[in-house]
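Below is one structure, written out as structure tokens, with a few remarks after it.
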Amino acid sequence: MVSGSVVRTRPHMQRMIWQDRVFHAVNLALVIVVLVVMLYPLYLVVICSVSDANLVSRGQVTLYPRGLTLDGYNAVIKNKEIWRSYVNSVLYTVSGTIISLAVTMGAAFTLSRKFPGKRLISTLFVFTMFFGGGLIPTFLTMRNVGLYNNVWVCILMGCVSVWNVMLARTYITSTIPEALYEASTLDGATQIQYFLRIVVPLCGTIIAVLSVYYGVDKWNDYWTGLIYINDRALLPLQTILKEILASLEMSREIIMSMRDNAESDAVLLQRAQIAKYCVIVVSTVPAVVLYLCMQKFFVKGVMVGSVKG
Amino acid sequence: MVSVGLKVGKRTSYVARLTKVGRQVVANRWLYVLIAPAVIYLIVFNYFPMYGIQIAFKDYKAVRGIEGSAWVGLKHFRTFFSAYYFGRLIGNTLLLNVYNLLFQFPIPIILAVMLNNLRSRSFKKLTQTAVYIPHFVSTVVLAGMLYILLSPSNGIVNHLISALGGQPIYFMNEARWFRSVYIISSVWQNAGWSSILYIAALAGVDPELYEAATIDGATLWQRVLHIDVPHIIPTATMMLILSCGGLMNSAIQKALLFQTGGNMATSDIIGTYVYTMGLGNGQFSYTSAIGLFVNVINFALIVGANSISNKMKGETLF
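Here the protein sequences come in this chain order: A and B.
Counting from 1, position 240 in the first sequence corresponds to residue 240 in the working numbering; the numbering is continuous, with no gaps.
Counting from 1, position 63 in the second sequence corresponds to residue 372 in the working numbering; the numbering is continuous, with no gaps.
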């Protein structure tokens, strides 16, 4: 009885020895440091985006917003190019993710079953994880097949990830009992009915996880726009952001969009700098919000993925 | 008589097998329909480009197309091996990846152990959610944040350096800072996310082990060393072997964003070189040859790494 009650006592209910106290204290301190390092840069960008340009550029905004203003956001909203690319990105992300999910789940279901030719098709899939055409042959091929400078290349590029197919297949084989298949075929269901009515409804978790993977990948992709799009009207947000953010010089476009009255160039530049913070916030919020909404699914989805099938 | 009978018997069994396969194909027809889109996708986006690799051995002319261009053998490979930048490109690519691995590999493991030993469940969950967030920031935004925060004139980091009495550093435009900036930002972005695998491994530890150890008077630190670490080692070994398979890979999408005129001496890696020379200068065949060279090395490394991990774990990764 005594030993039973000891086993049942949770460790932290017992009187702790001093080594463990030190361990917990040090561990907690380190975790808090990690949290600050991870989140402070993001927090800093957010508070700078609503602060006075002059104070920000002098490094005076560090803990909370100062000289509250929405000038930067106004400039971003007024910039037509950012707007247009934002709409493009929403379109590419939503349609791309839906197509990705449909194709991935279909392939994953098929690979979870037995059928003639399965080994050949599996090899076809897995080989692409080891070897590829490389940047230039891919570029020339896409141009040849007409996937160049149009919305299709933006929607379809990267819409099947073999890794995700394997993840979904593992999920199906490890969570859906074979008895269900036998029962439903006995009742006269075809394979496609079984897939649509039984498998898909039972795959909510993995579909949620995959929609975050595909959606965020698509939303954050600047590469397709950079390589395959010529027409500026078709560019996704991230490719436009690359021009605005990732260079040592200031984009002329954004400076001009901030000029509403006669100001000195220095003030103008500072304010354009603030717009950069705002663009970061506006472009990052959708991906992070999508993740936060879906994050309760992650533990289960990722756990299943890590158990190999 | 016997031989004829045998022949007929063999033929019928062959025919029977064929009809059996045929019947199975018909019975599973919906499976083929369901996988067809993915197969078509892989053929167009992965296998067509592999067919296009042949231009590495040709002199690609746009008017003649991929198939019509003239064969030149290994000319482009020779040009690359004797190129002025050959050594620098290989060195930069390898060094960047090796340094990256040195930091990207252990930090997620330490992080997972730290999180696993938090006493409060809810704080652990909150922390986990928080450390994954940087993973969802795009590479473009990451680079943009660094250009802003590390700016020599008005970046917060240089304000701090000046306040401490130092000279402002032009982080994004100096060759000696490229690798540090690149790797530290990678760790910031991926450490939390990569720790998921190890957290999952730790979640599989039987709680009775901890209880038994506690009864035997083990301190927390000893439990970490003798229970947590051994449980992580299989996953960690597998991840390490796999990362070694990517040592010649160039994370071109990220490196390109960090490349500036001032840091070319260290930031010029194979991937960015292929991009600049290929799409910028139109040297399609030459850069395809470089791409093929790298892909073959990568293929060998990955297949090697995979077979090592198979031998150690007794099962395939894919």
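Ideal Cβ positions, reconstructed from N, Cα and C, are used throughout, including at glycine.
Since the model is a prediction, treat every value here as computed from it, not as a measurement.
Think of a sphere of 7 Å around the beta carbon of B:S618: no beta carbon from chain A falls inside it, the nearest being about 11 Å out. Taking a C-beta cut-off of 7 Å against chain B, the contacting residues of the segment 184 to 218 of chain A are T190, Q191, I192, F195 and V216, listed in chain order. Boundaries of the alpha helix (DSSP H) harbouring B:A421: P415 to N425, taken from the DSSP string.
Annotation: Cβ neighbours of A:Y222 in chain B (cutoff 9 Å, chain order): S447, T448, V449, Q562 and L566. The DSSP assignment places complete alpha helix (DSSP H) segments of no fewer than 4 residues inside the segment 500 to 570 of chain B at 516 to 524, 529 to 532, 538 to 553 and 561 to 567, in order along the chain. Residues of the segment 128 to 147 of chain A with a C-beta atom less than 9 Å from some C-beta of chain B are T128, M129, F130, F131, G132, G133, G134, L135, I136, P137, T138, F139, L140, T141, M142, N144, V145 and L147, listed in chain order. B:A379 sits in a strand when the DSSP states are folded into three classes. Contact annotation: the segment 175 to 194 of chain A does not touch the segment 134 to 141 of chain A, with fewer than three C-beta pairs closer than 8 Å. Secondary-structure assignment with DSSP links B:D368 through a beta bridge to B:A379.
Neighbours of A:T110 in chain B, taken as residues whose beta carbon is under 7 Å from its own, are L340, L343 and I344 in chain order. Under the three-state reduction of DSSP, A:V281 is assigned to helix. Residues are counted here when their Cβ sits less than 7 Å from a Cβ of chain B; for the segment 113 to 128 of chain A these are R113, F115, P116, I121, L124, F125, V126 and T128, given in chain order. With respect to the 7 Å criterion, B:F357 and B:W380 are not classified as neighbours on the basis of their beta carbons. The residue from A:Y213, A:N88, A:V26 and A:P65 with its alpha-carbon nearest to that of A:D231 is A:N88.
Only I17, Q19, D20, F23, H24, N27, L28, L30, V31, V34 and L35 from the segment 15 to 35 of chain A bring a Cβ to less than 8 Å from some Cβ of chain B. Annotation: B:I561 to A:F130 spans about 17 Å, alpha carbon to alpha carbon.
When C-alpha distances from A:M157 are compared across A:V145, A:L167, A:A168 and A:M166, the shortest belongs to A:V145. Using a Cβ distance threshold of 7 Å, A:I47 and A:V61 count as a contacting pair. Just so you know, the alpha carbons of A:Y43 and A:R21 end up roughly 32 Å apart. Only residues of its own chain outside the window of five on either side were considered, and among them W497 and Q498 have a CB closer than 6 Å to the CB of B:P443, listed in chain order. For A:D217, the enclosing alpha helix (DSSP H) has its first and last residue at G204 to W219. At a cut-off of 7 Å between beta carbons, B:G361 contacts chain A. For B:W530 against A:Q19, the beta-carbon gap comes to about 6 Å, under 8 Å, which counts as contact. Identification of residues in the segment 41 to 66 of chain A having a C-beta nearer than 8 Å to some C-beta of chain B yields P41, L42, L44, V45, V56, S57, R58, G59 and T62, given in sequence order.
Residues of chain B whose Cβ lies closer than 7 Å to the Cβ of A:A246 are, in chain order, V449, A452, G453, Y456 and L566. Chain A has no Cβ within less than 7 Å of the Cβ of B:T388. Counting along the chain, the unbroken alpha helix (DSSP H) around A:V46 starts and ends at W18 to S49.
For B:I579, the closest of B:S552, B:G400 and B:Y369 by C-alpha to C-alpha distance is B:G400. Taking C-beta atoms as the reference points, B:P417 and B:A500 count as a pair closer than 7 Å.
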